[in-house]
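Student: Chain order of the listed sequences is A and B.
For any residue, its number in the numbering used here is found by taking its place in the first sequence, counting from 1, and adding 59.
For any residue, its number in the numbering used here is found by taking its place in the second sequence, counting from 1, and adding 1.
Take a look at the following structure, please.
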Amino acid sequence: MSASALAPHRELGLTDSEYEAIRARMGREPNALELAVFSLMWSEHCAYKHSKKLLGKLPTEGPHLLMGPGENAGVVDVGDGLAVAFKVESHNHPSAVEPFQGAATGVGGILRDIFAVGARPIAVLDSLRFGELDSPRSRYLFDWAVKGIGHYGNSIGVPTVGGEVSFEPAYEHNCLVNAMCVGLARKERLIRSAAAGVGNVLVLLGARTGRDGIGGASVLASAELSDEDASKRPSVQIGDPFEESKLIECCLELLERETLASLQDLGAAGLSSSSSEMASKGEVGLDLDVARVPLREAEMEPFEIMISESQERMLCVVEPERLEELLVVCDRWDVRATPIGSVTDTRRLRVFDGDDLVGDMPVEALVDDCPLYDLEPERPSAPIYPDPPARLAGDEGREETLMALLGAPSIASKRFVFEQYDPIVGSRTVRRPQAADAAVLALANDGGNGAIAVSIDGNGRRVACDPYTGAVEAVLECARNLACVGAEPLGLTNCLNFGNPEKPHIAWQLTRSVEGLRDACLALGVPVVGGNVSLYNEGGGGPIYPTPIVGMVGSLPDPGSVPRIGFAQDGHAVALVGPFEPALDGSELAKLRGRLGDSLPAVDLAAQARALAELRKTVRGGGLPTAHDISEGGLAVALAECCIEGGRGASIDGLEASDEAIFGEGPGGVVIAGPREAVEAVAGARVIGTVGGEALEVNGALSVPVVQLRDAYEGAIPAAFA
Amino acid sequence: MRFGVVRFPGSCDEVDALLACRRFGDADLLWHKDRDLDGVDAVVVPGGFSYGDYLRAGAIARFSPLMETVIEFAREGGPVLGICNGFQVLCEAGLLPGALLPNRSLRFVCRQVDVVVENPDTPFTRACARDQVLSVPVKHTTGRYYAPGVPEEQVVLRYAPGHNPNGAQDDIAGVCNAAGNVLGLMPHPEHAVDPLTGSADGGRLFESLARPEAAGSAGRAGFGIAPVA
């Protein structure tokens with residue numbers, strides 16, 4: 060075996076006590092293959108050893124839930140016999156090492172999670188974080204991560220319908236690439252991953268197995284990146300969307316024919332984790348023969364075959380008498396299918412190399428027995444993060460301030476990004492990026508009556524100010540985006556991107572954020588259906604901002620009456636709705652003025668939940684062409700976006716002309732516009748102005764032509780690449 | 002009118018095209034490994050990344066068993082519509098003049114564009130008026146049409162001023178063969194058949210084909226091979 064396999068357990072990321080625990084469960088010294096498999100299965104990435112106890116606090120029950128955490132993806136019932144599967148996952152560390160393949164395989168991986176439950180992937184969304192765009196490295200990571208997402212998503216025929224990008228110095232050394240996929244299935248076609256039926260055949264589908272991504276889970280996802288990250292390049296997987304496209308169609312046809320007993324994707328830790336998790340869920344054992352695995356390069360060691368993270372592979376279980384049928388379908392799709400083992404009653408994962416038994420491990424020890432650690436949270440006594448560099452002195456006029464905010468890359472139009480994605484393939488997309496606050500997908504071609512809406516949100520800087528309230532706000536913003544298109548949230552998926560949880564201040568951020576997520580989900584009655592944790596995001600410059608990313612799927616009855624962001628017609632009344640108490644703490648303006656802050660105003664969750672329900676009711680009532688949530692940059696930026704998208708100005712006169720009122724941020728506020736009588740009939744609506752003219756005029760405090768607003772907003776990101 | 006929509010491995014928009022065709026006639030998918038067109042009256046070669054578009058966009062698909070029959074069908078005057086990757090395939094197959102080069106930006110671009118009907122006297126545009134403007138999306142990386150000396154009457158669709166997304170020669174968005182029975186275009190008419198999803202303008206192309214006078218190949222033998230699902 061190669062030198063790395065003989066390396067001591069510590070080099071594989073296991074502590075001395077973890078190694079002792081493995082020995083005790085094996086009843087002997089593990090051999091090199093077994094140790095390699097254990098090191099991955101007991102890594103943070105696979106075992107959630109620092110987060111599992113905390114995640115248990117999240118509510119996971121809901122009236123629409125069909126599959127919750129523990130399956131490949133969460134699934135909710137959207138009516139008419141249809142089910143929607145969705146999940147968000149990170150591919151942060153691979154993207155920081157090689158952004159194109161890292162981001163591309165992030166998309167490929169999350170797609171597999173979705174069709175592994177039997178759902179056809181119908182939408183991808185991405186949440187991205189990079190350092191500031193004046194950093195050449197951040198521009199490089201941003202540019203190539205976007206290209207990678209587009210490469211995979213566009214080539215595979217799944218639309219990328221939404222997402223978000225922001226830029227903060229705290230992500231300079233550790234960018235975040237979170238990808239969410241949404242899939243659609245008829246309810247009776249859903250499948251679980253539990254291996255079933257002793258004597259059934261284990262079949263490996265898809266790409267050949269190579270040396271790419273070996274040890275990715277332990278090496279990349281579970282330790283801090285150091286300056287030598289370039290040396291980890293061989294650990295980054297390479298994606299082939301064409302292979303995955305065939306794999307999707309092939310798997311969906313096998314499911315349609317009910318050929319399979321179970322199905323599981325190969326993700327982190329490759330065959331090791333997919334096989335042991337299938338066996339664990341099915342309470343069975345598996346025998347598999349690595350000599351039968353089709354290889355990309357000759358003479359791979361058995362341990363390499365077991366832990367390779369080569370992409371575009373699936374593992375399934377099939378009854379022996381249906382194997383021939385499976386092989387015929389796979390041949391039709393030119394998908395490689397290789398029987399590599401069988402289901403046993405031993406509750407052990409036994410690995411053979413031809414006739415030689417080269418590994419024999421108790422399934423339970425691999426999957427369930429990794430020690431779980433308690434966090435030791437401690438609120439830091441001093442600020443963790445430096446203040447951001449000041450870009451505004453603070454004495455600018457309001458017009459100049461508004462233009463600076465619209466041109467701030469985190470706020471500016473992401474057209475540069477979304478024009479590189481295909482948001483329309485599938486013929487479901489009713490609202491494309493930047494048209495409405497959430498993407499809307501009609502289900503008419505699938506036998507449904509209504510539509511689903513999807514959004515993904517998070518604001519690490521605000522979570523850095525206050526981990527509890529920041530996390531609450533992420534859930535509220537996502538729900539508000541859905542409410543702006545009339546959708547009721549059915550479930551939530553999250554990706555918790557944090558630093559090293561073994562450090563008390565990171566443990567505190569993580570704990571408080573999860574408590575915030577929990578309370579917000581409970582207040583809104585939305586279950587967490589699954590998600591992912593990405594820890595140890597600490598590059599050379601210290602930890603990233605704590606960044607819980609929240610994705611939600613909601614349903615709405617009528618895609619024909621969904622409001623847009625843009626003002627629709629001159630003469631429409633503009634109004635504010637919702638419990639909005641803007642403040643400069645944690646705002647984009649505070650950032651531009653060089654202040655991070657260490658608190659956020661408390662949020663009244665009950666009032667927010669009531670307002671969301673009210674807004675949803677209003678939107679569903681129809682007759683409201685414009686609705687846009689107030690977020691980064693406050694009311695002035697929201698109004699400017701309504702003007703830019705609508706191509707018309709507005710006169711706003713019912714406002715206090717203070718920085719707080721105009722640029723302050725906080726949850727709950729929504730701008731609506733429409734015929735005066737319709738707007739005035741909305742309960743709690745406060746009319747603040749009228750659509751019309753060629754400029755946005757606020758209280759006589761600022762007046763900027765819409766063309767100038769558009770130039771600042773649309774020009775900022777392209778200018779960074781000029 | 003029965004449309005046949007080709008499905009290669011790696012096709013992305015074949016179901017979209019199928020749904021669009023079914024708004025105006027009957028339509029079924031045709032499997033790339035078959036050699037039989039199953040008696041269809043018109044063939045649509047859809048968008049996507051056939052065979053992964055490895056080597057060069059459309060270069061491998063052009064050699065698939067089904068394409069041999071499609072080429073024969075086209076040479077006999079059967080209407081063939083190539084959209085995006087389908088356009089690339091038809092150029093590779095020699096059914097259309099010119100080639101598609103990488104976009105001037107060297108990036109994938111998806112946006113709604115206006116295209117102008119330059120030639121309404123084709124089986125694909127007979128439901129349109131000359132100079133009619135259609136709002137249709139584009140989405141591609143390799144869409145810069147290049148065909149020095151292509152005859153003006155073969156230019157069927159042109160990007161409206163300011164709407165050329167890829168640097169195509171003379172703003173050409175769609176071009177037909179000399180006989181007029183093969184059309185290739187980079188914009189996606191199948192993604193513009195319903196106002197709910199953005200525009201219905203692209204429907205005019207399918208409507209044109211479905212008009213009775215366009216069904217020039219009706220009666221072409223159906224050899225009774227079951228359509229591929």
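No residue lacks a Cβ here, since even glycine has one placed at the ideal position from N, Cα and C.
Skipping 5 residues on each side, what residues in its chain have a beta carbon closer than 6 Å to that of residue 544 of chain A?
Tutor: These residues qualify, in order along the chain: 495, 497, 499, 512 and 621.
Student: Helix, strand or coil for residue 190 of chain B? Go by DSSP, reduced to three states.
Tutor: Reduced to three states, the DSSP call for residue 190 of chain B is helix.
Student: I'd like to know if residue 301 of chain A contacts chain B, where contact means its C-beta is closer than 8 Å to some C-beta of that chain.
Tutor: Yes, residue 301 of chain A lies at the interface with chain B (some Cβ there is under 8 Å from its Cβ).
Student: So, is residue 96 of chain A buried or exposed, given that buried needs 16 or more other C-beta atoms within 10 angstroms?
Tutor: Residue 96 of chain A should be labelled buried.
Student: Check each residue of the region 29-41 of chain B: if its Cβ is closer than 7 Å to any Cβ of chain A, include it; give the result in chain order.
Tutor: Here the close residues number zero.
Student: On the premise that residue 156 of chain A lies in contact with residue 143 of chain A, defined as a C-beta separation below 8 Å, what is that separation, rounded to the nearest angstrom?
Tutor: Contact flag wrong, Cβ pair sits at about 33 Å.
Student: Suppose contacts are defined by Cβ-Cβ distances below 8 Å. Is residue 540 of chain A in contact with residue 576 of chain A by that definition?
Tutor: For residue 540 of chain A and residue 576 of chain A, no; Cβs fall outside 8 Å.
Student: Determine the direct distance from the alpha carbon of residue 129 of chain A to that of residue 80 of chain A, and round the result to whole angstroms.
Tutor: Spanning the two alpha carbons is a distance of roughly 24 Å.
Student: Flag residue 233 of chain A as yes if its beta-carbon sits less than 8 Å from any beta-carbon of chain B, otherwise no.
Tutor: Answer no: the Cβ-Cβ gap between residue 233 of chain A and chain B never drops below 8 Å.
Student: Here's the rule I'm using: 16 or more other beta-carbon atoms within 10 Å means buried, otherwise exposed. How should residue 56 of chain B be labelled?
Tutor: So residue 56 of chain B counts as exposed.
Student: Assign residue 112 of chain A to buried or exposed, taking buried as 16 or more other Cβ atoms, counted over all protein chains shown, within 10 Å of its Cβ.
Tutor: Per the 10 Å Cβ criterion, exposed.
Student: Counting C-beta neighbours from all protein chains within 10 Å, is the total for residue 146 of chain B 16 or more, i.e. buried, or is it exposed?
Tutor: Buried.
Student: Under 8 Å by Cβ, that's how I've got residue 240 of chain A and residue 301 of chain A pegged, so tell me the actual separation to the nearest angstrom.
Tutor: Their Cβ separation, rounded to whole angstroms, is 18 Å, which puts residue 240 of chain A and residue 301 of chain A out of contact at 8 Å.
Student: Which class does residue 88 of chain A belong to by DSSP, given the choice of helix, strand or coil?
Tutor: Coil at residue 88 of chain A, not helix or strand.
Student: Check whether the Cβ atoms of residue 251 of chain A and residue 140 of chain A lie closer than 8 Å to each other.
Tutor: No, the pair does not count as a contact, with Cβ atoms beyond the cut-off.
Student: Let's see if you can read the secondary structure: which residues bound the alpha helix (DSSP H) around residue 475 of chain A?
Tutor: Here the alpha helix (DSSP H) through residue 475 of chain A covers 474-477.
Student: Runs of 3 residues minimum, wholly inside the region 375-407 of chain A: which ones carry the beta strand (DSSP E) assignment?
Tutor: The region 375-407 of chain A contains these whole beta strand (DSSP E) runs: 396-403.
Student: Quick check on residue 2 of chain B: does DSSP put it in helix, strand or coil?
Tutor: Of the three classes helix, strand and coil, the one that applies to residue 2 of chain B here is coil, per DSSP.
Student: Output needed for residue 469 of chain A: all residues of its chain with C-beta closer than 7 Å, excluding positions within five of it in sequence on either side, in chain order.
Tutor: Excluding positions up to five away in sequence, the list reads 225, 226, 647 and 691.
Student: Is the shortest distance between the beta-carbon of residue 279 of chain A and the beta-carbons of chain B less than 8 Å?
Tutor: Note on residue 279 of chain A: pLDDT 46, under 50, position unreliable in the model; the coordinate value appears next. No, because no Cβ of chain B sits closer than 8 Å to the Cβ of residue 279 of chain A.
Student: Among B:144, B:78 and B:93, which has the Cα closest to the Cα of residue 175 of chain B?
Tutor: Considering only alpha carbons, the answer is B:144.
Student: Looking only at its own chain, which residues have a Cβ that is under 6 Å from the Cβ of residue 106 of chain A, when we skip the five neighbours before and after it?
Tutor: Here the set comprises 429.
Student: I'd like the span of the beta strand (DSSP E) that includes residue 145 of chain A, first residue to last.
Tutor: Run containing residue 145 of chain A: 141-149, per the beta strand (DSSP E) assignment.
Student: Counting only beta-carbon atoms, is residue 203 of chain A nearer than 8 Å to chain B?
Tutor: Not closer than 8 Å to any Cβ of chain B, the Cβ of residue 203 of chain A fails to qualify, so no.
Student: Name the residues in the region 211-232 of chain A whose C-beta lies less than 8 Å from a C-beta of chain B; which are they?
Tutor: Cβ contacts with chain B come from 213, 214, 215 and 216.
Student: In the region 142-230 of chain A, which residue ranges form an unbroken alpha helix (DSSP H) of at least 4 residues, counting only runs that do not cross its ends?
Tutor: Runs of the alpha helix (DSSP H) inside the region 142-230 of chain A: 151-156, 158-174 and 195-215.
Student: Can you give me the start and stop residues for the beta strand (DSSP E) that residue 29 of chain B sits inside?
Tutor: Where residue 29 of chain B is concerned, the enclosing beta strand (DSSP E) stretches over 27-32.
Student: Could you give the first and the last residue of the continuous beta strand (DSSP E) run that contains residue 687 of chain A?
Tutor: Residues 685-688.
Student: Between residue 197 of chain A and the ligand MN, is there a pair consisting of the residue's CB and a ligand heavy atom that are separated by less than 7 Å?
Tutor: As presented, the structure is devoid of all ligands, the ligand MN included, so that no description of it is given.
Student: Measuring only the C-alpha atoms, how far is residue 696 of chain A from residue 171 of chain A?
Tutor: Looking at the two C-alpha atoms, the distance is approximately 38 Å.
Student: Ignoring anything shorter than 3 residues, give me the beta strand (DSSP E) runs that lie fully in the region 90-144 of chain B, in order along the chain.
Tutor: DSSP runs (the beta strand (DSSP E)) wholly in the region 90-144 of chain B: 100-102, 110-118 and 134-141.
Student: Residue 531 of chain A CB to nearest chain B CB: under 8 Å?
Tutor: Not an interface residue.
Student: What separation, rounded to the nearest whole angstrom, lies between the Cα atoms of residue 667 of chain A and residue 392 of chain A?
Tutor: Those two C-alpha atoms are separated by around 50 Å.
Student: Could you tell me if residue 560 of chain A is buried or exposed, where buried requires 16 or more neighbouring beta carbons within 10 angstroms of its beta carbon?
Tutor: Classification of residue 560 of chain A: buried, given that the 10 Å Cβ count is 16 or more.
Student: Mind checking residue 34 of chain B: buried by the 16 CB within 10 Å criterion, or exposed?
Tutor: Its Cβ having fewer than 16 others within 10 Å, residue 34 of chain B is exposed.
Student: Based on the DSSP secondary-structure assignment, which residues constitute the bridge partners of residue 354 of chain A?
Tutor: The partner list for residue 354 of chain A (beta bridge, DSSP) reads A:268.
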